[in-house]
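Numbering (the working numbering) for the sequence shown: 238 to 553.
Encoded as structure tokens, the structure appears first; notes follow it.
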Amino acid sequence: MLTRRDCLKYVTLAGAAITLQPRMLEAIESGDLIMRAIPSSGEKLPIVGLGSSATFSSLARSEDATRLRNVMRTLIEHGGAVFDTAPAYGASEEVAGKIIQELDAKKKIFWATKLNVAGRGRGAADPAAARAQLDRSFQRIGKDPIDLIQVHNLGDIPTQMGILKDLKAEGRVRYIGVTSTRTSRYSDLAKVMREEPIDFIGVDYAVDNRHSAEMILPLAQDLGIGVLIYIPFGRTRLWRRVSGRNVPAWAQEFGAHSWAQFFIKYIAAHPAVTAVTPATSKAENMLDNLGAAVGELPDEATRRRMVELVEALPSA
Ligand SMILES: NC(=O)c1ccc[n+]([C@@H]2O[C@H](COP(=O)([O-])OP(=O)(O)OC[C@H]3O[C@@H](n4cnc5c(N)ncnc54)[C@H](OP(=O)(O)O)[C@@H]3O)[C@@H](O)[C@H]2O)c1
């Protein structure tokens, strides 16, 4: 029988010691992560990526790029690729662009940014402002074409999606899409999904926030639209809910050794999901999150059990 000592291997990363099962570490180190195909092209992406609002953007503002460099290096060196950003996330796009250029890793990153010169009280998009924002994104990233650009939060779809369709026709962006993380706007999101030739959506989904699974995720499957999952931890909500509690032993059967892996594997098991992009400012958490892309994913019965467990906890 394996002892705990045999089972666990200590990894020191960016000054922090974390424990990972050897098989998991081996799989992460070899870049052997679960992949999903983008429906419109068949191109495969690792199922866990990195978001850049929340703590990532706070750190980007601090002018200390070392920690973020470690996070991005961890993503790339362990087989991850998808990086979700936006001009609206403070300094994230700019700082991450510099880091990726310094690491000479442009080709390894699937760069997903957004267009948002409209919406949330800003009214109609000024096409000149939209083009200027896109020019800045191209400069920051140093990648042309950019992998994915989405209209942020459904802002002025006729103007902004029109610009993205032109950009795609010019070969300057490989995939286009639209994002929304508000349940109240899901019917607008569904309309865009039905009417526009998009490759991706970005939408919220978590073990305790399953509204998108009712209509949006099945629709994405039907229409062959890829899905990036946002706010997989409810930002701080799920962390508060499980605070002080251990991951159940039965979760190890499908390879979830931490709460992050439990939360991400729940999401990744949905067949509509192309990639999950949790934000982090810590390299050890990046590695932990990538661990969710290793091994098994829970079946439907297990997913129901995961929901029951979380729903039984006091809400945050
Ligand atoms: N409308 C839109 O387009 C839209 C809206 C919302 C979000 N998004 C995208 O989705 C991404 C993810 O959503 P989010 O950033 O709002 O929230 P989130 O990913 O649900 O949660 C981020 C939080 O989880 C913590 N965390 C990450 N990994 C962890 C781990 N392994 N263990 C413990 N804590 C961990 C982070 O802190 P640490 O730094 O300490 O790890 C941070 O506080 C965003 O960054 C953004 O790229 C898009």
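Even glycine gets a Cβ: it sits at the ideal position worked out from N, Cα and C.
No experiment lies behind these values; they were computed from the predicted model shown.
Subject >> Candidates Glu537, Leu465 and Arg482: closest to valine 440 by CA position >> reply: Out of Glu537, Leu465 and Arg482, Leu465 has the C-alpha closest to the C-alpha of valine 440.
**OP:** With DSSP as the reference, label aspartate 384 as helix, strand or coil.
**Re:** If DSSP states are grouped into helix, strand and coil, aspartate 384 belongs with the strands.
Original post:
Is aspartate 321 near threonine 514, with beta carbons less than 8 Å apart?
Top reply: It is a contact, given that the beta carbons lie within the stated cut-off.
Original post:
Enumerated in chain order, which unbroken segments of the alpha helix (DSSP H) with a length of 4 residues or greater are wholly contained in the stretch 329-416?
Top reply: Counting whole runs of 4 or more residues, the stretch 329-416 contains the alpha helix (DSSP H) stretches 329-339, 364-378 and 394-406.
Original post:
Can you tell me whether DSSP reads arginine 310 as helix, strand or coil?
Top reply: In the three-state reduction of the DSSP assignment, arginine 310 falls in the helix class.
Original post:
For the stretch 522-533 against the stretch 327-345, are there 3 or more C-beta pairs whose distance is under 8 Å?
Top reply: A contact is defined here as three or more CB-CB pairs under 8 Å, and the stretch 522-533 fails this definition with respect to the stretch 327-345.
Subject >> Helix, strand or coil at lysine 502 according to DSSP, with G and I counted as helix >> reply: Reduced to three states, the DSSP call for lysine 502 is helix.
**OP:** Run the CB neighbour count on tryptophan 487, radius 10 Å, all protein chains shown included, and call it buried at 16 or more, exposed below.
**Re:** The residue is exposed, with fewer than 16 neighbouring Cβ atoms inside 10 Å.
**OP:** Examine ligand 1 and report whether any of its heavy atoms sits within less than 7 Å of the Cβ of alanine 488.
**Re:** No, Cβ of alanine 488 sits at least 7 Å from all heavy atoms of ligand 1.
Original post:
Which whole runs of the alpha helix (DSSP H) in the stretch 410-470 are 4 residues long or more, in chain order?
Top reply: Within the stretch 410-470, the complete alpha helix (DSSP H) runs of at least 4 residues are 423-432 and 453-460.
Original post:
Does the separation of the CB atoms of valine 388 and leucine 352 fall below 8 Å?
Top reply: Taking 8 Å as the Cβ cut-off, valine 388 and leucine 352 qualify as a contacting pair.
Subject >> Residue range of the unbroken alpha helix (DSSP H) whose run includes leucine 524 >> reply: Element bounds for leucine 524: 520-527.
**OP:** Just mark glycine 532 as buried or exposed, buried being the case when its beta carbon has 16 or more other beta carbons within 10 Å.
**Re:** That one is buried.
Original post:
What residue does the alpha helix (DSSP H) around asparagine 291 start on, and which one ends it?
Top reply: For clarity, residue 291 is alanine in the given sequence; the question names asparagine instead. Counting along the chain, the alpha helix (DSSP H) containing alanine 291 begins and ends at 291-298.
Original post:
Under a Cβ-count criterion, where at least 16 other Cβ atoms within 10 Å of its own Cβ denotes burial, should proline 324 be classed as buried or exposed?
Top reply: Result: buried.
Subject >> Simplified DSSP assignment, three categories, for proline 535 >> reply: Secondary structure of proline 535 (DSSP, three-state): coil.
Original post:
To which residues of the same chain is threonine 420 closer than 7 Å at the C-beta, ignoring the five residues directly before and after it?
Top reply: Closer than 7 Å at the Cβ level, and outside the excluded window around threonine 420, lie His448.
**OP:** Express the C-alpha separation of alanine 274 and threonine 640 in angstroms, rounding to a whole number.
**Re:** Residue 640 falls outside the range modelled here, since the chain spans only 238 to 553, and no answer is possible.
Original post:
For glycine 288, which residues does DSSP report across the bridge?
Top reply: Looking at the DSSP assignment, glycine 288 forms a beta bridge with Asp321 and Ala516.
Original post:
Can you round the beta-carbon distance between valine 308 and serine 518 to whole angstroms, since I take them to be within the 8 Å contact cut?
Top reply: Contact between valine 308 and serine 518 holds, since their C-beta atoms are separated by about 7 Å, short of 8 Å.
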